[in-house]
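Q:
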Amino acid sequence: MTETGYFPATQGATEAPAPRRRLLDQDWPKLLRAGAILAVGQVFIALSGMPVTFDRRLLIDPILSLGYLSLLWLPLVVSYWVGREQVLEGMTAYAKGGRDVLAGAMTALLGNAGLALLVVGITHFDIRDPLVNWSPQLLGILEFEESVWLGALIWPAIGAGTGALGGGLHWASSRISRTTVIVLLSVFGAAVLESVITDLTQGFHIEAVSEWLYGPKRGLTYPAAIVVAVAVVGVMTGLAAYRASPARDERAARGEGAATSGGSDTTRPAWRRMPTRRLVNLVLTVAAIVVLPLFLGRLTNELLANVGLFILLALGLNIIVGLAGILDLGYVAFFAVGGYSVAVLTSPGSPRFDPEIPWFGALFVAMLLAGLAGLFIGAPVIRMRGDYLAIVTLGFGEIIRVLLLSDWLSGTFNGAQGITNIPGVEVFGLATVRGFEPRSVLYLVLVFCAIAVYVSWRLENSRIGRAWMAIREDESVAEAMGVDTVSAKLMAFVTGAVLGSFSGAILSAKVGSVFPHSFAIIVSIVILVVVIFGGMGNIPGVIAGAVVLIGILGGPNQPGLLQEFAEYKILIYGALLVWMMIQRSEGLIPSVRRARELHIDEMNQDAWLRAQAAADDAHNGGGNRGGGRP
Amino acid sequence: MQLTTKQRTRVDWFLTVLRVIAFLVIGAGFLAFVAQAINSDNPFARWANPDAINLTGEQLQGLVVTGLAQGAMYGLIALGYSMVYGVLGFINFAHGEVFMVGAMTGAITSSKLAEAGYWESSFVLCLLLVVVLSMVVCTVTAVIMERVAYRPLRGKPRLIPLITSIGVSFFLQNCVLVLLGSTVKSYPDLPNWLTDKRTFLEIQGSKILVLVVAALAMAGLWYLVEKTKTGKAMRAVAEDAEIASLMGIDVNRIIVKTFAVGGAMAGVAGILWGLLFRSVVHTTGFLPGIKAFSSAVVGGIGNLGGSMAGGLTIGVAESLGPLMILEPLGVSGPSQLRDAVAFAVLIIVLLVRPSGIFGERLPSEERT
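Protein sequences, first through last, are from chains E and V.
Residue numbering for the first sequence follows our numbering, beginning at 9 and increasing consecutively.
Residue numbering for the second sequence follows our numbering, beginning at 26 and increasing consecutively.
1) Contact between the segment 352-371 of chain V and the segment 118-127 of chain V: three or more CB pairs below 8 Å?
2) As a quick exercise: from L354/V, F318/V and L329/V, pick the residue whose alpha carbon is nearest that of G340/V.
3) Along chain V, in chain order, which residues have C-beta atoms closer than 7 Å to that of S56/E?
4) Using a C-beta to C-beta distance shorter than 7 Å, which residues of chain E count as neighbours of L43/V?
5) Among Q198/V, E140/V, A239/V and L158/V, whose alpha-carbon lies nearest the alpha-carbon of D214/V?
6) Can you give me the Cβ contacts of V400/E inside the same chain, cut-off strictly under 7 Å, excluding the 5 residues immediately before and after it?
7) Measure the beta-carbon distance from S98/V to T283/V and round it to whole angstroms, keeping in mind my assumption that it falls under 8 Å.
8) Hey, how far is the Cα of Q86/V from the Cα of G96/V?
9) For A47/V, collect the residues of the same chain with a Cβ closer than 7 Å to its Cβ; drop the 5 residues on either side in sequence, then sort them by chain order.
10) What are the boundary residues of the beta strand (DSSP E) that V433/E is part of?
11) With a Cβ-Cβ cutoff of 8 Å, do F342/E and G508/E count as a contact?
12) I'd like to know whether the C-beta atoms of G197/E and L331/E end up nearer to each other than 8 Å.
13) From this set, V455/E, R186/E, Y396/E and S521/E, which residue's C-alpha is nearest S380/V's C-alpha?
14) I'd like to know if the segment 195-213 of chain E and the segment 37-50 of chain E are in contact, where contact means that at least 3 CB-CB pairs between them fall below 8 Å.
15) Please determine, among I319/E, A103/E, V537/E and Y88/E, the residue with the shortest C-alpha to C-alpha distance to A26/E.
16) Rounding to the nearest angstrom, what Cα-Cα distance links G54/V and M349/V in this structure?
17) So within the segment 276-325 of chain V, which uninterrupted alpha helix (DSSP H) runs reach at least 4 residues, ignoring any that extend past its ends?
18) Taking the alpha helix (DSSP H) that I372/V belongs to, which residues open and close that run?
19) Rounded to a whole number of angstroms, what is the C-alpha to C-alpha distance between S526/E and A269/V?
20) Of the residues T130/V, K137/V, P353/V and V281/V, which one's Cα is nearest the Cα of V293/V?
21) Sorted by chain position, which residues of the same chain lie with C-beta nearer than 7 Å to P356/E's C-beta, five sequence neighbours on each side aside?
22) Taking 8 Å as the CB-CB cut-off, is A263/V touching chain E?
23) D395/E versus chain V: which residues are under 8 Å apart at the beta carbon?
24) Out of V463/E, G403/E and V350/E, which has the shortest C-alpha to C-alpha gap to I385/E?
25) Ordered along the chain, which non-local residues of its own chain (more than five positions away) have a Cβ less than 7 Å from that of L371/V?
26) Give the residues from the segment 307-325 of chain E that approach chain V closer than 7 Å (Cβ to any Cβ), ordered along the chain.
27) Looking at the unbroken alpha helix (DSSP H) that takes in L146/E, where does it start and where does it end?
28) Kindly indicate which three-state DSSP category V95/E falls into: helix, strand or coil?
29) From the DSSP output, read off the bridge partner residues of T440/E.
30) Distance check for Q94/E and A623/E, CA to CA, integer angstroms please.
31) Run through chain A and tell me which residues come within less than 9 Å of A369/V, C-beta to C-beta.
32) At a cut of 8 Å, does the segment 129-138 of chain E reach the segment 211-223 of chain E through at least three beta carbon pairs?
33) Count the other C-beta atoms from every protein chain shown that fall within 10 angstroms of the C-beta of D492/E, then say buried if there are 16 or more, exposed otherwise.
34) Please compile the residues from chain E whose C-beta is within a distance smaller than 9 Å of the C-beta of L178/V.
35) Near P16/E, which residues of its chain fall below 6 Å by C-beta distance, leaving aside the five closest residues on each side in sequence?
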């Protein structure tokens with residue numbers, strides 16, 4: 009695992025050799041605490057039913073199922089975390105060694121003792137009444153269908169093993185530990201991506217590859233896992249060699265030159281101002297995205313279409329939350345406006361508006377209505393405190409759902425029965441996009457994603473985009489500088505609303521029906537998690553967030569790659585949101601400016617430290633770094 | 026500068042129109058209701074809803090009492106929002122889920138007690154036990170929540186803990202879902218003397234019980250906050266955390282205590298929910314949580330007495346609003362719109378008087 013802290017600890021390796029610690033010179037309280045936390049976590053995972061539900065999905069054919077993996081990953085992470093020590097500048101960093109392996113092993117042993125207790129508990133007591141997963145199936149998995157004693161003894165042993173691995177990651181050189189983590193992750197990835205890879209090989213008529221890779225129960229076969237691991241190690245070694253070679257520096261220098269030569273000329277159109285190499289990469293990526301769906305099967309295209317819908321939604325929310333800094337929790341309202349306007353206008357099954365109009369006409373109306381909804385929701389809340397605004401927008405989102413569901417308006421929206429029979433999209437007589445042809449839907453989604461990306465990108469670098477960012481950073485200062493904050497914020501609401509309505513419009517044409525429960529508040533929350541996970545205010549980040557989260561876990565009503573996670577995805581989204589906020593509030597791929605805002609204190613402190621160091625250096629003639637400062 | 030002023034007036038104009046529309050709708054509905062009550066055949070009562078039914082005085086009284094009982098419950102939950110907002114300055118969105126955990130604990134323990142036969146034989150003792158247990162579980166939940174999720178975020182911009190609390194909320198909700206399953210957990214039947222209509226004003230005993238328990242909890246809280254040293258420290262931290270710490274108050278401990286007290290109140294509220302509605306699922310916490318937050322805002326956030334008053338206001342409004350305002354206006358199925366009414370009340374309150382009816386009490390830097 010790589011260092012994830014914003015300011016990585018400085019390595020003191022160049023100075024005097026680090027002192028060693030004896031094997032039993034442990035930080036016992038920390039160790040015990042971590043062990044207890046791990047025990048609670050493991051018992052929670054076991055009782056949440058994950059091991060039982062996931063047991064059907066094999067990852068590595070005969071030996072590892074997703075169910076057992078759900079009990080293995082936490083000891084690894086916690087034991088790694090136990091060995092992590094923040095080394096402040098000027099303090100002694102101890103050498104990593106067998107002591108850390110032992111620390112990890114003991115922590116995870118203690119933690120998995122919780123599982124051992126659980127095994128004994130399930131055999132002796134029956135509290136299945138409140139705890140639904142206190143079941144014989146769970147017991148069977150925990151004791152490997154053998155005996156209680158095996159179960160009670162083997163889990164601490166497994167814990168010690170994984171813990172030693174987790175602690176050992178500190179001992180090994182950073183290259184080895186990084187390679188280990190990446191190998192583990194890519195074997196996991198290869199196993200998870202089973203359906204996509206099978207789909208791809210069928211598209212290219214090389215089914216033999218996937219047949220060799222995957223066993224009959226969807227897991228990687230034993231040799232295939234080893235081959236994947238070896239291949240990854242090979243690629244990583246190759247990359248490392250390439251990075252170290254002088255040829256790369258030359259190329260980088262040339263690339264740099266291209267970047268500067270194309271940088272400052274503002275008279276040329278925006279795309280021509282990009283460095284050539286980035287432009288080439290962009291064109292290649294676009295070409296790949298356009299061609300790839302032709303080789304993909306139904307399943308993958310469907311999955312990608314769902315991901316695309318969420319990219320659209322996330323890009324829209326990104327304008328409101330990421331750029332303008334307005335926390336809108338009722339974003340689903342605009343999604344609903346888009347979906348329902350198209351449904352009412354195009355479906356012969358809708359109770360009102362008999363002359364049905366084509367999809368593109370309906371889309372236009374949907375955009376208009378969504379823009380209006382943006383104004384109407386935005387105007388009353390625009391002056392509120394940020395947190396009141398969040399709750400009120402949440403209220404608006406919920407009001408819209410309640411109204412769609414109500415008898416009062418069922419003359420238009422058909423209440424809980426929803427509107428069905430929505431026809432597909434006729435693209436100017438050239439093609440028809442229908443839900444049962446996921447490829448056509450995917451292309452439609454891609455076109456709109458491209459529009460949304462272009463709009464977001466241009467807006468971000470425009471006058472209004474800069475106004476939004478100024479408001480996000482400090483509203484009163486922005487106002488004092490002459491930014492018209494009220495209309496800029498309303499603009500953000502309207503733009504976000506229109507982008508959200510695209511997604512709703514495509515969804516109703518894709519699914520062929522809309523129901524009020526598709527627009528529950530949880531949709532807003534999932535979009536928010538996607539934006540935050542990817543990196544607020546950063547277009548590639550938001551796209552990556554949608555691909556990773558929606559692709560793997562799935563949206564609130566859409567399955568992802570790991571369909572087994574259906575019951576658990578909101579749990580995971582919730583935990584992820586908390587973890588991201590605490591550990592990395594700027595997101596996976598942060599926008600530079602946003603990160604600067606979030607870590608302003610640390611940056612200031614850092615700058616102050618650096619200034620102090622410079623002053624010290626000036627006084628002492630450059631000597632004595634690290635002494636005398638906290 | 027001139028441009029800014031112009032834009033401001035445009036939005037202000039729009040807001041004024043919204044306020045006027047809200048008042049007109051409420052006023053028209055209420056007038057139609059009054060007209061109906063006077064003489065159900067007069068044309069003013071019939072113009073919007075020709076077949077509106079006339080509420081009897083008894084029904085009206087029943088609605089008010091139900092509203093008060095629910096409002097007392099909202100008020101107890103609102104205390105948690107209000108206290109945390111007063112001390113830390115952020116909306117603890119997950120507080121509604123703490124309440125749900127309390128209701129869940131109550132459902133499980135009370136049905137276990139009923140299985141063992143104690144629930145019927147010694148009801149008051151059992152209820153006391155269930156309330157105490159629920160308070161303990163909720164307190165622990167709230168304190169763990171503070172320690173794990175909110176403490177690392179001290180001093181971050183206000184929206185960050187808010188987003189975190191949304192995550193905590195969905196996490197807690199789904200923890201209960203995966204651990205306890207998605208089935209509805211029900212409370213055992215209440216003894217007859219609580220479900221029968223009493224001769225005293227024809228009010229159900231259970232609703233009186235709810236009001237009594239809420240009043241006791243409120244009195245306990247008042248004593249804690251106003252008369253004890255801990256309460257004094259809490260008020261000091263709410264006024265200014267930095268100065269309080271200079272005065273020798275352990276701010277972290279006071280914050281933990283604030284969460285604990287808020288959690289305990291939510292635990293009591295959870296049992297009240299059980300007494301009123303008799304069943305609970307993992308999604309139970311969301312709407313009462315939002316309504317309780319509305320109550321806290323209505324009463325003036327940071328103001329404890331105000332929270333209770335706000336809760337009673339929201340409870341009565343929610344109970345009477347659909348039948349007194351929407352039904353006379355000809356909206357069909359008005360009770361389906363109850364939740365929308367609750368949100369509408371929040372929005373109207375924030376539009377008309379964002380600092381609440383009784384005024385908010387916040388540290389000076391929060392008042393922006």
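Ideal placement from N, C-alpha and C gives every residue a C-beta, glycine not left out.
A: In brief:
1) no
2) Closest option to G340/V, Cα to Cα, is F318/V.
3) V203 and L204
4) The contacting residues are P388.
5) With distances taken between CA atoms, D214/V lies nearest to E140/V out of Q198/V, E140/V, A239/V and L158/V.
6) Result list for V400/E: V389 and M392, in chain order.
7) Inspection of the sequence shows that residue 98/V is occupied by Met rather than by Ser. For M98/V against T283/V, the beta-carbon gap comes to about 20 Å, at or over 8 Å, which does not count as contact.
8) 15 Å
9) I373
10) V433 to V435
11) yes
12) no
13) Y396/E
14) no
15) A103/E
16) In this structure, the straight-line span from the alpha carbon of G54/V to that of M349/V is close to 7 Å.
17) 276-302 and 311-324
18) R363 to V377
19) The alpha-carbon separation between S526/E and A269/V amounts to approximately 48 Å.
20) Taking the Cα of V293/V as reference, the smallest distance to any Cα among T130/V, K137/V, P353/V and V281/V is reached at T130/V.
21) Same-chain partners within the cutoff: E364 and N429.
22) Chain E, which has no Cβ nearer than 8 Å to the Cβ of A263/V, makes this no.
23) F115, I116, R183, L184 and L187
24) G403/E
25) S319 and V322
26) For the segment 307-325 of chain E, which is checked against every Cβ of chain V, not one residue is closer than 7 Å.
27) P144 to L150
28) coil
29) Beta-bridge pairing links T440/E to E434/E.
30) 25 Å
31) The question asks about chain A, but that chain is absent: this structure's protein chains are E and V.
32) Result no; under three Cβ-Cβ pairs closer than 8 Å.
33) buried
34) M589, I590 and S593
35) Any reading at P16/E must be qualified, since the residue scores a pLDDT of 48, below 50, and its modelled position is unreliable; the value itself is stated next. Excluding residues within five positions, none has a Cβ falling inside 6 Å.
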